[in-house]
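>
Numbering (this note's numbering), first residue to last: 8 to 223.
Laid out in structure tokens, this is it:
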């Protein structure tokens, strides 16, 4: 399965993607699924119906006191502002805890690794986003790769799409064939067969997010 694991819809304050158009575009770009990871809301979930030919993973990108954290395979929202409390809420749902764009120094919401205990990260997160298309510099993703190796965590990729043109620019290829298998493999603390592919988006996409926010 090929999945873009970091996509925002119009229910994020800085995004414009209409859920009805998202699946159509994702399929056209060769994706088998996407993860809906809106900022601090689950409102977008209700706008996706069950489709046997396409997987929609319910997620959230939660803003915390130490930067963002992503939860995947959720059934309810995450409301804690404390980083570790948000992680606990994700884990309590048997969700997957992901560090998004962890080495991008140009973002206000980058996880503040200097303030987070590495041993706790090893014990309580499941994966690191090692390729994010919205990173300004390629070396930010290279550093994320090294972080995943240092922590011994699964490697994932996501576009961080806020506009339709960005969907699928980063993707994760799994050897398994169902979302249930993906969830179970990511929960295992052993290496799994994933291939992360991606291209950086234009830096102009960040200006489009500013415009999206101003128009709401």
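Note that the Cβ used here is the ideal one computed from N, Cα and C, for glycine as well.
Since we're looking at a predicted model, the values are computed, not measured.
How would you write the range of the alpha helix (DSSP H) that residue 126 sits in, first residue to last?
Unbroken alpha helix (DSSP H) run through residue 126: 125–131.
> With residue 177 as the anchor, note down where its beta strand (DSSP E) starts and where it stops.
Residues 177–181.
> Going by DSSP, name the residue or residues bridged to residue 203.
According to DSSP, which records beta bridges pairwise, residue 203 is partnered with 179.
> Apart from the five residues just before and just after residue 16, which ones in its own chain have a Cβ nearer than 8 Å to its Cβ?
Cβ within range, chain order: 22, 24, 25, 26, 29, 43, 45, 51, 54.
> Please determine, among 143, 157, 138, 159, the residue with the shortest C-alpha to C-alpha distance to residue 149.
Considering only alpha carbons, the answer is 138.
> I need the straight-line Cα distance from residue 161 to residue 133, nearest angstrom please.
Rounded to whole angstroms, residue 161 to residue 133 spans 7 Å at the Cα level.
> Determine the closest residue to residue 66 out of 131, 19, 92, 211, with distance taken between C-alpha atoms.
That would be 19, whose Cα lies nearest to the Cα of residue 66.
> Rounded to the nearest angstrom, what separates residue 77 and residue 114 at their Cα positions?
So the alpha carbons of these two residues sit roughly 15 Å apart.
> CB-CB under 7 Å to residue 34, same chain, minus the five flanking residues each way: which ones, in chain order?
Excluding positions up to five away in sequence, the list reads 61.
> To the nearest angstrom, how far is the alpha carbon of residue 121 from that of residue 59?
Computed Cα separation, rounded: 42 Å.
> Return the CA-CA distance between residue 217 and residue 95, expressed in angstroms with no decimal places.
In a straight line, the C-alpha of residue 217 is about 31 Å away from that of residue 95.
> Excluding the 5 residues flanking residue 117 on each side, which residues of the same chain have their C-beta closer than 7 Å to its C-beta?
Contacts found: 74, 108, 109, 111.
> With DSSP run on the structure shown, which of helix, strand or coil describes residue 112?
DSSP places residue 112 in coil when its eight states are reduced to three.
> Let me see if you follow: with CB-CB separation under 9 Å, is residue 195 close to chain C or not?
Checking the listed chains, one finds no chain C in this structure; it contains a single protein chain.
> Verify whether the separation of the beta carbon atoms of residue 207 and residue 176 is less than 9 Å.
Closer than 9 Å, so yes.
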